[in-house]
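Working notes for the structure below.
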Amino acid sequence: MSHQSAHNPYAPAQPGPADLSQPLYGASFGEAVKRFFKKYATFSGRASRSEYWWYMLFNFVVYTALAVITNLGVNSYGEPTGLGIIAALLLLAFSLGVLVPGIALLVRRLHDGGFSGWMALLGLVPFVGGLIILVFTLLPSKPEGARFDAGAQQQYAAYPQA
């Protein structure tokens, strides 16, 4: 049985692994995490579903591991031990270190779905905002998202006024 990767019918020819200007459809776990850190604060362009969700899995695993270690580093009186303090500081450092690139990845994922990156602000709406963002990140890629790619400004620029 052959393994077939996910194919986006709207995407141009598959870019090489070093081409960070295009979304990487069918990205592996390692590729997605590497691309996340290489495109640290890049809000332009697009991110495929696999890029987004593989990073979200990585993020969940790291947060969970650090939270468990932090909770194990508490003595029977509820006071933190050395391990708990170190784990809490690592959790804080990781959280601050991935805040901006996490928002950038969300914006690029919204772009791939054909939405403006400003739609990420819907996440601030109580109760339903996070659910709306979840649905948007689950949607498939749309050809309209290409307008957010590098160099698309010339292609989609407004006509000159007379």
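For the sequence shown, position 145 matches number 169 in this note's numbering, and the numbering has no gaps at all. Every residue, glycine too, gets a C-beta built ideally from N, C-alpha and C. Small disclaimer: the values here were computed from a predicted structure and weren't measured.
Are the CB atoms of residue j and residue i within a distance shorter than 8 Å?
i      : j      : result
His135 : Gly126 : no
Ala128 : Lys63  : yes
Leu146 : Gly137 : no
Arg70  : Phe139 : no
Phe53  : Leu90  : no
Arg59  : Leu44  : yes
Any heavy atom of the ligand COA within a distance shorter than 7 Å of the CB on residue i?
i     : result
Ala51 : Here there are no bound small molecules, and the ligand COA is not part of this structure.
Alpha carbon to alpha carbon, how far is residue j from residue i? Give it in angstroms, no decimals.
i      : j      : result
Ala174 : Lys166 : 16 Å
Val159 : Tyr101 : 43 Å
Phe67  : Val85  : 24 Å
Tyr76  : Gly97  : 32 Å
Gly108 : Leu120 : 18 Å
Tyr16  : Ile157 : Since the first residue shown for the chain is 25 and the last is 186, residue 16 is missing from the structure and cannot be characterised.
Val124 : Leu130 : 10 Å
Leu162 : Asn95  : 32 Å
Ile93  : Val122 : 19 Å
Leu155 : Val149 : 10 Å
Tyr87  : Ala51  : 22 Å
Pro164 : Ala111 : 37 Å
Leu116 : Asn83  : 13 Å
Glu103 : Phe151 : 34 Å
Among residues of its own chain, excluding the 5 on either side of residue i, which ones have a beta-carbon nearer than 6 Å to its beta-carbon?
i      : result
Met143 : Leu134
Gly169 : Arg70, His135, Asp136, Gly138
Met25  : Confidence at Met25 is low in this model, with a pLDDT of 49, below 50, so its placement is unreliable and the value that follows should be read with caution. Excluding sequence neighbours, Met25 sits near nothing in its chain.
Leu114 : Leu90
Arg132 : Gly69, Arg70, Ala71
Beta-carbon within less than 8 Å of residue i's beta-carbon, same chain only, minus the 5 sequence neighbours each way: which residues are those?
i     : result
Asn99 : Thr105
Ala65 : Val124, Pro125, Ala128
Just checking: is the beta-carbon of residue i within a distance shorter than 8 Å of some beta-carbon in chain D?
i     : result
Ala56 : The structure shown contains no chain D, having only a single protein chain.
Among residues of its own chain, excluding the 5 on either side of residue i, which ones have a beta-carbon nearer than 7 Å to its beta-carbon?
i     : result
Ala56 : Ser74, Glu75, Trp78, Tyr79
Item to check | Contiguous alpha helix (DSSP H) assignments of at least 4 residues, all confined to the stretch 89 to 169 | outcome: 106 to 121, 123 to 136, 153 to 162
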